[in-house]
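Participant:
Residue numbers (the numbering used here): 146 to 614.
The structure is reproduced here in structure tokens:
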């Protein structure tokens with residue numbers, strides 16, 4: 146069968162029907178209100194065909210008629226936005242003549258409301274592009290969008306990435322004080338946020354002071370009412386602050402001065418001089434468990450904390466669910482990222498040689514498979530090929546949706562890793578990186594981790610130093 150599509154011609158034919166005054170329109174769409182009001186003519190069969198929303202809105206149950214024409218009124222959308230959407234309905238074309246984020250946002254929200262799902266990702270990307278360089282001015286807005294519009298997947302991913310890797314953009318933004326309580330609470334609950342605990346405490350204090358209008362920065366001039374105001378404002382959040390992960394000096398200098406506002410958590414007997422460590426202070430001072438988990442973000446574009454837990458189980462030869470978030474015993478320190486540092490083998494060796502045990506994680510170009518290997522030995526870069534003798538290495542393929550389906554492959558040869566100056570991470574023929582290319586066949590490890598193509602291109606790869614917590 147030979148098929149050829151002529152969609153541009155079809156698009157133009159429908160658009161001409163929209164602009165043809167002789168066309169038999171049977172729908173009047175009233176858009177906007179007041180001075181920003183306009184009526185549009187349309188064909189019901191086009192609206193029914195192209196839009197689930199209009200299929201319902203213009204059904205016999207809901208539609209109003211006047212002079213044998215269906216009447217539809219949408220006051221919360223501007224005529225400028227609807228004109229763009231009507232052209233999209235008829236011609237499958239989205240024409241945007243502005244870079245103003247607010248106007249693009251109006252178009253995005255209207256598209257979501259009218260159920261034009263197929264253009265939402267595109268519009269989100271168009272909306273985000275001009276604001277990335279001034280993200281602090283818009284961060285609260287896009288966080289709210291990600292929560293209120295479940296279909297805004299691109300924005301949600303961008304927000305999650307920002308929270309994880311650049312939380313300072315949120316916490317040190319001038320818009321921070323406009324965060325809703327619910328959003329701030331959700332941020333403080335997160336375990337993977339990469340920010341110091343004392344910084345979270347400082348920001349929380351400032352947010353609470355702002356909300357109850359405590360403008361006097363000199364705490365020694367506060368009266369009892371001021372401390373009570375702060376206490377009431379802090380109350381929903383303080384249980385999420387992990388005081389046990391502050392330093393002694395930070396706790397003493399930045400928490401204890403607010404003791405009247407957190408008296409339910411701190412006993413009066415706290416005195417820095419009586420304690421040898423911050424954990425001793427808190428153990429005696431707080432009426433909730435000392436064992437608050439440390440926030441453990443990982444600087445990675447490829448894996449998250451859940452994968453770190455799984456890999457920790459593999460390193461220690463434990464069942465895949467042996468460790469939990471709060472108990473896995475390793476920290477993952479990023480040494481190398483190909484998309485940041487380049488794919489040169491020499492750069493890999495410069496950044497990763499003689500660093501002890503390391504984890505290599507690879508994203509395969511085209512398939513997005515997540516594979517990699519663990520080397521318990523140092524990498525180094527001899528002029529000739531040198532084997533590393535270990536049975537503690539392994540290679541793997543991670544199933545991000547179901548960790549139980551992930552593949553762990555262990556060596557049945559002793560020389561399970563190899564080193565050479567002009568190669569990257571090398572787990573023998575089972576997994577060898579060189580530049581942006583990778584070779585993967587079944588050789589010295591007990592399970593095959595890929596079923597297709599022994600040679601392939603790498604989209605990105607990262608190397609982490611594995612350190613006992």
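All residues carry an ideal CB built from backbone N, CA and C; glycine is no exception.
Is residue 391 buried or exposed, if buried means 16 or more other CB atoms sit within 10 Å of its CB?
Facilitator: Buried, because 16 or more other Cβ atoms sit within 10 Å of the Cβ of residue 391.
Participant: So if DSSP puts residue 615 in a beta bridge, which residue, or which two residues, is it bridged to?
Facilitator: No statement about residue 615 is possible, as the shown extent of the chain runs from 146 to 614 and does not include it.
Participant: With burial defined as no fewer than 16 other Cβ atoms inside 10 Å of the residue's Cβ, what is the status of residue 269: buried or exposed?
Facilitator: With 16 or more Cβ atoms within 10 Å of its Cβ, residue 269 is classed as buried.
Participant: Considering only residues of the segment 256 to 306, which uninterrupted alpha helix (DSSP H) runs meet the minimum length of 4 residues and lie entirely inside it, listed in chain order?
Facilitator: Within the segment 256 to 306, the complete alpha helix (DSSP H) runs of at least 4 residues are 265 to 273 and 284 to 293.
Participant: Going by the DSSP bridge assignment, what does residue 215 pair with across the sheet?
Facilitator: For residue 215, which the question treats as bridged, DSSP gives the partners 172 and 210.
Participant: Residue range of the beta strand (DSSP E) that residue 542 falls in?
Facilitator: First-last of the beta strand (DSSP E) with residue 542: 539 to 543.
Participant: According to the neighbour-count rule (16 or more other Cβ atoms, all chains shown, within 10 Å of its Cβ), is residue 570 buried or exposed?
Facilitator: It counts as buried.
Participant: Over the uninterrupted beta strand (DSSP E) stretch that includes residue 398, give me the two end residues.
Facilitator: Segment 393 to 399 is the alpha helix (DSSP H) holding residue 398; no beta strand (DSSP E) there.
Participant: Quick check: what's the CA-CA separation for residue 598 versus residue 576?
Facilitator: Distance between the alpha carbons of residue 598 and residue 576 is about 12 angstroms.
Participant: Tell me the rounded alpha-carbon separation between residue 349 and residue 379.
Facilitator: C-alpha separation (whole angstroms): 8 angstroms.
Participant: Count the other CB atoms within 10 Å of the CB of residue 518; is the residue buried (16 or more) or exposed (fewer)?
Facilitator: Residue 518 should be labelled buried.
Participant: Going by Cα to Cα distance, which pick from 458, 327 and 264 is closest to residue 469?
Facilitator: For residue 469, the nearest C-alpha among the options comes from 458.
Participant: Pick from 472, 455 and 388: whose alpha carbon is nearest that of residue 465?
Facilitator: Per the Cα distances, 455.
Participant: Tell me whether residue 488 sits in a helix, a strand or coil according to DSSP, three-state version.
Facilitator: DSSP places residue 488 in coil when its eight states are reduced to three.
Participant: Cutting at 6 angstroms between CB atoms, please list the residues of its own chain near residue 473, excluding the five before and the five after it.
Facilitator: So the qualifying residues of the chain are 454 and 457.
Participant: If you pair each beta-carbon of the segment 245 to 257 with each one of the segment 193 to 209, do three or more pairs fall below 8 angstroms?
Facilitator: Touching, no, given that fewer than three Cβ pairs across the two stretches are closer than 8 angstroms.
Participant: What is the DSSP secondary structure of residue 556, reduced to helix, strand or coil?
Facilitator: It is a strand residue.
Participant: What does the alpha-carbon distance come out to for the pair residue 451 and residue 439?
Facilitator: In a straight line, the C-alpha of residue 451 is about 15 angstroms away from that of residue 439.
Participant: Give the straight-line distance between the Cα atoms of residue 479 and residue 235, rounded to the nearest whole angstrom.
Facilitator: Looking at the two C-alpha atoms, the distance is approximately 50 angstroms.
Participant: Considering only the alpha carbon of each residue, which of 297, 355, 339 and 295 lies closest to residue 324?
Facilitator: Out of 297, 355, 339 and 295, 355 has the C-alpha closest to the C-alpha of residue 324.
Participant: Kindly indicate which three-state DSSP category residue 419 falls into: helix, strand or coil?
Facilitator: With a pLDDT of 34 at residue 419, under the threshold of 50, the modelled position of that residue is not reliable, and the figure given next carries that caveat. Correct three-state label for residue 419: helix.
Participant: Compare the Cα-Cα distances from residue 260 to each of 273, 297 and 290 and report the closest residue.
Facilitator: The shortest Cα separation from residue 260 among 273, 297 and 290 belongs to 297.
Participant: Going by beta carbon distance, what residues of the same chain come within less than 6 angstroms of residue 496, once the five residues before and after it are set aside?
Facilitator: Only 480 and 481 meet the Cβ criterion.
Participant: Can you find a CB in chain D that lies within less than 7 angstroms of the CB of residue 495?
Facilitator: Absence of chain D from the displayed structure is noted, only one protein chain being present.
Participant: Which same chain residues, not among the five before or five after residue 433, have their C-beta less than 6 angstroms away from its C-beta?
Facilitator: Low confidence applies here, because residue 433 scores a pLDDT of 40, under 50, leaving its location unreliable; read the following figure in that light. Here the set comprises nothing.
Participant: Just to confirm the assignment, what range does the alpha helix (DSSP H) spanning residue 236 have?
Facilitator: 224 to 236 is the span of the alpha helix (DSSP H), which, as asked, contains residue 236.
Participant: DSSP puts residue 515 in a beta bridge; with which residues?
Facilitator: In the DSSP output, where bridge partners are listed per residue, residue 515 has 508 and 543.
Participant: Suppose the cutoff is 6 angstroms on Cβ atoms and the five residues either side in sequence are ignored; what does the same chain contact list for residue 635 look like?
Facilitator: In the structure as shown, the chain begins at 146 and stops at 614. Residue 635 is therefore absent and cannot be evaluated.
Participant: Taking just the CA atoms, how far does residue 385 sit from residue 607?
Facilitator: Between residue 607 and residue 385, the C-alpha separation is close to 32 angstroms.
Participant: Round the Cβ separation of residue 573 and residue 554 to the nearest angstrom and send it over; I've been treating them as touching at under 8 angstroms.
Facilitator: Residue 573 to residue 554, Cβ: 11 angstroms. No contact.
Participant: Are the CB atoms of residue 291 and residue 476 within a distance shorter than 7 angstroms?
Facilitator: No; because the gap between Cβ atoms is not below 7 angstroms, this pair is not in contact.
Participant: By Cβ distance, which residues of its chain are closer than 7 angstroms to residue 602, with the 5 residues on each side in sequence left out?
Facilitator: Here the set comprises 510, 581 and 582.
Participant: Excluding five sequence neighbours on each side, which residues of the same chain lie with their C-beta closer than 6 angstroms to the C-beta of residue 600?
Facilitator: Cβ neighbours of residue 600 beyond the five flanking positions: 584.
Participant: Using CA atoms only, rank isn't needed, just tell me which of 342, 445, 358 and 443 is closest to residue 396.
Facilitator: If we check each option's Cα against that of residue 396, 342 comes out closest.
Participant: Which residues share a DSSP beta bridge with residue 184?
Facilitator: Bridge partners of residue 184: 175.
Participant: Going by DSSP, which residues form a beta bridge with residue 582?
Facilitator: According to DSSP, which records beta bridges pairwise, residue 582 is partnered with 579 and 602.
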